[in-house]
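Engineer: The structure under discussion is supplied below as structure tokens; questions concerning it will follow.
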Amino acid sequence: MIPDGTGSVVEADVAEPAPAAGEVVVTVEAYSVNRGETFLLEAPPRGWRPGKDVAGVVASVGPGVHGLEVGQPVVAHPEHSGWAERVAVAADRLAPRPADMPATVAAALPLAGLTALRLVRLIGALPGRSILLTGASGGVGHYFVELATGLGARITALTASRPRGRRLAELGAEVLTDLTAARGGYDVVVESVGGAYFMATWRLLDPHGLFVWMGQASRERPLLDFFDWTGGTSATLRRFDYTASPVSVADDLVTLLRLVHTGRLHPELGLVAEWENTPEVLADLIRRRVRGNAVLEVTS
Ligand SMILES: NC(=O)c1ccc[n+]([C@@H]2O[C@H](COP(=O)([O-])OP(=O)(O)OC[C@H]3O[C@@H](n4cnc5c(N)ncnc54)[C@H](OP(=O)(O)O)[C@@H]3O)[C@@H](O)[C@H]2O)c1
């Protein structure tokens, strides 16, 4: 799948990938699509192809890679180009996948799961802490709510509608469809919608709380006013980037796979389709019609 110049993708024949030193080529069985990739598709870098979340099997192994065999099931987080039948991935961005874990389930893990896991790590101790999460009905939100409630946090999740928050409620979150119903005084706010939601949620933060700024799904810039910062008057504001991590992608993928395999983390597959439907699925994601992750099956 290559950028079509209109913010979506189109099928095309591309060069067969070959593994460089330290890389493996993965035969892709399923991939998932992420909102951040839809932003890149609006103005794609020259030569770039989308695709950061794949599950499949090892097709070939480059020099210097040990412990991986051809045919081995894996999940991987390539830098790009994963919406394809095969992709080259650095070996430190991939982990062996349990043979009984379907590729569709594993493909939903990397970007959203790594983000949620690393958010938990950034926030620190969770038992008893109250957390307000915006943009909660997507891939990151479902993983974060399950991980954080499991560690004892009290999550308030903002979604567009009750049906979009149904699974979040099952996972233990208090689901709101309107910020005016939020009680305020949250220890932590995790904000990813942008625009007016930034200041509105800052005002709901404990004066000494932690505000994690992690996205702008609305594409609207927050407007900040120094003199309007009621709520978190002396709070900490952290810009979060999931790629800045003290733990490697491979190690965090191993953790996520273990949590899923032992029944403690459940990827929310809101939409599974054949990969020729990628343009339609991207449109659904952009229009907020996907709950959790959208996954495409690659059937060559
Ligand atoms: N900083 C980082 O490193 C990092 C990493 C990964 C993701 N992110 C960001 O974190 C956010 C969540 O990621 P995700 O993969 O879970 O995204 P996602 O699946 O698209 O979920 C985002 C959610 O935001 C909500 N939303 C509210 N207002 C919106 C608007 N105007 N336009 C679009 N969505 C809106 C939607 O839920 P409702 O329809 O229920 O309101 C949507 O389900 C995104 O903004 C993403 O770009 C940041």
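The opening position of the sequence shown corresponds to residue 172 in our numbering, with each subsequent residue numbered one higher.
Backbone N, C-alpha and C define an ideal beta-carbon position, used for all residues, glycine too.
(1) In the region 297-322, which residue ranges form an unbroken alpha helix (DSSP H) of at least 4 residues, counting only runs that do not cross its ends?
(2) Cβ atoms of residue 275 and residue 451: under 8 Å apart, would you say?
(3) Under the three-state reduction of DSSP, which class applies to residue 202: helix, strand or coil?
(4) When we look at the beta-carbon of residue 397 and count the other beta-carbons within 10 Å, is it buried (16 or more) or exposed?
(5) Run through DSSP, which three-state label would residue 219 get?
(6) Can you tell me which of 329, 354, 395 and 224 puts its alpha carbon nearest to the alpha carbon of residue 375?
(7) Out of curiosity, what's the CA-to-CA distance linking residue 434 and residue 321?
(8) In chain order, what residues of the same chain lie with their CB nearer than 6 Å to the CB of residue 196, ignoring the 5 residues before and after it?
(9) What whole-angstrom Cβ distance do residue 264 and residue 251 have, given they're in contact under 8 Å?
(10) Thinking C-alpha only, which one of 470, 172, 183 and 203 is nearest residue 311?
(11) For residue 272, verify whether its CB is less than 7 Å away from any heavy atom of ligand 3.
(12) Consult DSSP for residue 381 and reduce its assignment to one of helix, strand or coil.
(13) Between 380, 453 and 335, which has its C-alpha nearest residue 404's C-alpha?
(14) Rounded to whole angstroms, what's the CA-CA distance from residue 340 to residue 192? Just pull it up for me.
(15) Ignore the nearest five residues each way along the sequence and tell me which others in residue 349's own chain have a CB closer than 6 Å to its CB.
(16) To the nearest whole angstrom, what separates the beta carbons of residue 372 and residue 360, a pair I think is in contact under 8 Å?
(17) Excluding the 5 residues flanking residue 390 on each side, which residues of the same chain have their C-beta closer than 6 Å to its C-beta?
(18) Please name the residue, chosen from 200, 335, 309 and 237, that lies closest to residue 273 on a Cα-to-Cα basis.
(19) Do residue 411 and ligand 1 come close, with the Cβ less than 7 Å from some heavy atom?
(20) By alpha-carbon positions, which one of 331, 367, 334 and 317 ends up nearest to residue 343?
(21) Per DSSP, what kind of secondary structure is residue 417 in: helix, strand or coil?
(22) Rank 279, 377 and 387 by C-alpha distance to the C-alpha of residue 442 and give the top, closest one.
(23) State buried or exposed for residue 418, treating a residue as buried only when at least 16 other CB atoms are found within 10 Å of its CB.
(24) Quick one: what's got a C-beta closer than 6 Å to residue 301's C-beta in the same chain, skipping five residues either side?
(25) Compute every distance between the C-beta of residue 308 and the non-hydrogen atoms of ligand 1, then say whether any falls below 7 Å.
(26) Candidates 331, 287, 347 and 298: which alpha carbon is nearest residue 416's?
(27) How long is the line joining the alpha carbons of residue 228 and residue 394, rounded to whole angstroms?
(28) Taking DSSP as the reference, what is the three-state secondary structure of residue 391?
(29) Residue 327 by DSSP, collapsed to three states: which one?
Structural biologist: In brief:
(1) Listed in chain order, the complete alpha helix (DSSP H) runs (minimum 4 residues) inside the region 297-322 are 310-321.
(2) As a position in the sequence shown, residue 451 is number 280, starting the count at 1. As a position in the sequence shown, residue 275 is number 104, starting the count at 1. No.
(3) Taking the first residue of the sequence shown as 1, we reach residue 202 at position 31. For residue 202, the secondary structure class from DSSP, reduced to helix, strand or coil, is strand.
(4) Here residue 397 is taken as the residue at index 226 of the sequence shown, counted from 1. Result: exposed.
(5) As a position in the sequence shown, residue 219 is number 48, starting the count at 1. DSSP places residue 219 outside both helix and strand once states are collapsed to three, so it counts as coil.
(6) As a working note, residue 375 is residue 204 in the sequence shown. That would be 354, whose Cα lies nearest to the Cα of residue 375.
(7) Counting from one through the sequence shown, the residue named residue 434 turns up at place 263. Counting from one through the sequence shown, the residue named residue 321 turns up at place 150. The straight-line gap from Cα to Cα measures roughly 12 Å.
(8) For the purposes of this step, residue 196 is taken as the residue at position 25 of the sequence shown. Only 188, 190, 230, 231, 257 and 259 meet the Cβ criterion.
(9) For the purposes of this step, residue 264 is taken as the residue at position 93 of the sequence shown. For the purposes of this step, residue 251 is taken as the residue at position 80 of the sequence shown. Not really, about 11 Å apart at Cβ, beyond 8 Å.
(10) As a first step, residue 311 is located in the sequence shown; it is residue number 140 there, counting from the start. Ranking 470, 172, 183 and 203 by CA distance to the CA of residue 311 puts 203 first.
(11) Of the ligands one can find in the structure shown, namely ligand 1, none is ligand 3.
(12) Residue 381 sits at position 210 when you count from the first residue of the sequence shown. Looking at residue 381 - three-state DSSP - the assignment turns out to be strand.
(13) On the sequence shown, position 233 is the one that residue 404 refers to. Comparing Cα positions, the closest option is 380.
(14) By one-based count along the sequence shown, residue 340 stands at place 169. By one-based count along the sequence shown, residue 192 stands at place 21. C-alpha separation (whole angstroms): 46 Å.
(15) Here residue 349 refers to the residue found at position 178 when the sequence shown is read from its first residue. Beyond the five residues adjoining it in sequence on each side, residue 349 comes within less than 6 Å, by CB distance, of no other residue in the same chain.
(16) What you label residue 372 is simply residue 201 of the sequence shown in a count that begins at 1. What you label residue 360 is simply residue 189 of the sequence shown in a count that begins at 1. Contact holds; Cβ gap of about 5 Å.
(17) As a first step, residue 390 is located in the sequence shown; it is residue number 219 there, counting from the start. Excluding residues within five positions, none has a Cβ falling inside 6 Å.
(18) Taking the first residue of the sequence shown as 1, we reach residue 273 at position 102. Comparing Cα-Cα distances from residue 273 to each of 200, 335, 309 and 237, the minimum goes to 200.
(19) Here the question's residue 411 lines up with position 240 in the sequence shown. Taking 7 Å as the cut-off, the C-beta of residue 411 counts as close to a heavy atom of ligand 1.
(20) Translated into positions along the sequence shown, residue 343 becomes position 172. Cα-wise, what sits closest to residue 343 is 317.
(21) Numbered from its first residue, the sequence shown carries residue 417 at position 246. Under the three-state reduction of DSSP output, residue 417 falls in the coil class, being neither helix nor strand.
(22) Walking along the sequence shown from the start, residue 442 turns up at place 271. Residue nearest to residue 442 within the set 279, 377 and 387 is 279 (criterion: CA-CA distance).
(23) To locate residue 418, count along the sequence shown from 1; it is residue 247. Residue 418 should be labelled exposed.
(24) The count along the sequence shown starts at 1 and reaches residue 301 at position 130. Cβ neighbours of residue 301 beyond the five flanking positions: 325, 357 and 358.
(25) Numbered from 1 along the sequence shown, position 137 holds the residue referred to as residue 308. Distance from the C-beta of residue 308 to the nearest heavy atom of ligand 1 is below 7 Å.
(26) Counting from one through the sequence shown, the residue named residue 416 turns up at place 245. It is 287.
(27) Residue 228 sits at position 57 when you count from the first residue of the sequence shown. Residue 394 sits at position 223 when you count from the first residue of the sequence shown. Distance between the alpha carbons of residue 228 and residue 394 is about 46 Å.
(28) Taking the sequence shown and counting its residues from 1, the one referred to as residue 391 is at position 220. Look at residue 391 here: in three-state DSSP terms it is coil, with no helix or strand label.
(29) Counting from 1 along the sequence shown, the entry for residue 327 is found at position 156. In this structure, residue 327 counts as strand in the three-state DSSP scheme.
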